[in-house]
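Every letter in the sequence shown is one number past the one before it in my numbering, and letter 313, counting from 1, is 429.
Notes for the one structure printed next.
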Amino acid sequence: MHPKRTIFLIDGQSFYASVEKAAHPEYKNRPVAVAGDPARRSGIILAACPLAKARGVTTAERLGEALGKCPELVIIRPRMQTYITVSLLITEIFESFTELVEPFSIDEQFLDVTHSINHFGSPEEIARQIQTRVMLSTGVWSRVGIGPTKILAKTATDNFSKKRNDGVFWLGADNLEDEYWPLHVSKMFMVASRMANHFVNMGLSTIGGIARMPLGEFKKRMRQKMGRQSDIQAEYYWQTANGIDPSPVVALTRPEQKAIGHGMTLPYDYRKFEEIEVVLLELAEEVCRRSRSKGYQGRVLTVGCQGADFDRPTGFYRQMTLPDPTNITHDIAIAARRLFQEHWNGLPVRKLAINLTQLSDDSTYQLTLFDDREKLRKVEKATDGIKNRFGSASIVKASSLLRSGQASERAIKIGGHYK
């Protein structure tokens with residue numbers, strides 16, 4: 117007898133690599149990995165197929181290390197737009213079974229199938245139908261964790277479904293103590309290595325060690341280790357260990373936009389303002405283009421930068437209120453340049469970001485005596501139209517052709533990876 121809620125967490129096995137193997141049937145029986153730059157033999161492994169993993173290749177290791185383990189490894193450059201498209205197609209398949217689909221990442225999604233059981237069969241039957249449809253449509257094998265809560269569904273996928281040939285596992289009240297509680301605390305959702313070490317030092321090496329302890333006693337132990345402010349954390353971890361999670365699966369919605377921004381990690385340390393200024397202009401252009409596409413203009417501008425040394429962090433984030441709301445590149449670029457110069461201490465910069473907040477509808481805007489804002493708006497909309505049709509790099513400012521410019525390179529990438 118299944119509980120009141122039946123929730124899936126569905127994961128696409130080796131998602132990027134699976135998409136590429138489906139696109140390249142000639143690699144069916146060869147180890148494949150998706151990595152940064154195959155031509156230069158540089159970057160990290162983003163995904164590896166099961167054949168590659170069997171030869172020791174792991175996600176996030178350097179490409180050179182992976183090739184040392186598996187010289188016959190087929191390396192494919194990532195195509196992020198393709199993976200996004202496939203992910204959206206998979207979402208559509210899920211939505212044919214239930215309207216309650218909540219993306220968790222590009223290759224993981226929660227489904228609440230509680231009310232789908234009467235139409236499509238048992239949870240296990242629904243899981244198998246989904247696996248078949250996704251495989252036939254995309255070539256991606258799905259692993260399905262099933263549980264009465266999102267926490268247990270996620271745990272079922274990560275720790276059990278991925279190890280089963282059928283890729284399906286139910287984790288609930290009937291097998292919680294036998295399957296879930298013996299797991300090491302590092303396997304508990306949202307427990308990273310540092311917190312796991314804290315638990316082990318407290319004598320709680322398994323999830324069951326936390327679950328079986330009365331909540332009051334667990335809070336007391338946490339206070340002794342981490343102070344009085346740990347009560348909320350203690351309650352969260354205790355509930356997680358017991359599989360308690362009342363949070364619902366929420367269908368993807370588009371909340372009201374609060375901010376529009378863009379950031380960029382630079383290819384090397386920028387030390388001269390002349391170099392930084394080029395990227396500030398590119399960021400301003402991208403933020404304003406996004407704002408116009410959504411029909412917004414902003415009143416508050418934030419500019420931030422960061423150095424490359426994370427052990428000794430440098431940089432700043434500062435904001436200013438503009439005279440009037442705007443989404444015109446010229447206005448934002450001038451303000452961003454001034455704000456940056458006021459707060460930059462001259463140290464090398466590796467990251468830059470610009471954000472617009474206090475957004476408002478751009479159908480109403482302030483005219484000025486000194487600029488023909490209507491003319492500027494028409495020019496920018498015309499430029500937007502060309503970029504939308506022919507690509508972001510179809511029109512770039514001359515400064516972007518300098519060595520410091522990044523517009524052309526970023527136009528062929530999504531999230532830092534090639535489309």
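For every residue, glycine included, the Cβ atom is placed at its ideal position computed from N, Cα and C.
Could you give the distance in angstroms between the alpha-carbon of R466 and the alpha-carbon of Y384? Separation of R466 and Y384 (C-alpha to C-alpha, rounded to the nearest whole angstrom) is 6 angstroms.
Taking C-alpha atoms, which residue in S232, S476 and C421 lies nearest to L459? Correcting the residue identity first, residue 459 is His in this sequence and not Leu. Checked all of S232, S476 and C421; the closest Cα to H459 is C421.
By a C-beta neighbour count over all protein chains shown, 10 Å radius and 16 as the cutoff for buried, is Q345 buried or exposed? exposed
Grouping DSSP H, G and I as helix and E and B as strand, with all else coil, what is I511? coil
Indicate whether W297 and G263 have their beta-carbon atoms separated by less than 8 angstroms. no
I'd like to know if the segment 207-219 and the segment 243-251 are in contact, where contact means that at least 3 CB-CB pairs between them fall below 8 angstroms. yes
Check whether R415 and L438 have beta carbons under 8 angstroms apart: yes
Helix, strand or coil for G521 per DSSP? coil
Could you check what DSSP says for K467 in three-state terms: helix, strand or coil? strand
Check for me: the beta strand (DSSP E) holding H378 runs from which residue to which? A375 to Y386
For V307, the three-state DSSP class (helix, strand or coil): coil
Use the C-beta contact count for F506: other C-beta atoms within 10 angstroms, 16 or more gives buried, fewer gives exposed. exposed
Among P166, D127, L162 and A151, the one whose alpha carbon lies nearest that of K144: P166
Would you check if the segment 126-138 and the segment 270-283 touch, i.e. whether three or more CB-CB distances between them fall below 8 angstroms? yes
Whose C-alpha, out of M304, I242, V135 and A149, is nearest the C-alpha of Q197? V135
Is it true that the CB of A149 sits closer than 8 angstroms to the CB of A164? yes
Classify M117: buried if its beta carbon has 16 or more other beta carbons within 10 angstroms, exposed otherwise. In this predicted model, M117 has a pLDDT of only 38, less than 50, meaning its place in the structure is not dependable; the value taken from the coordinates is given anyway. Exposed, by the Cβ-count rule.
Short check: CB of M318 to CB of K341, under 8 angstroms? Closer than 8 angstroms, so yes.
Which residue from P239, D153 and T442 puts its Cα closest to that of K120? P239
V260 beta carbon less than 8 angstroms from that of S277: yes
Return the CA-CA distance between A451 and A424, expressed in angstroms with no decimal places. For A451 and A424, the distance between alpha carbons rounds to 25 angstroms.
Residue burial classification, T201 (beta-carbon count within 10 angstroms, cutoff 16): exposed
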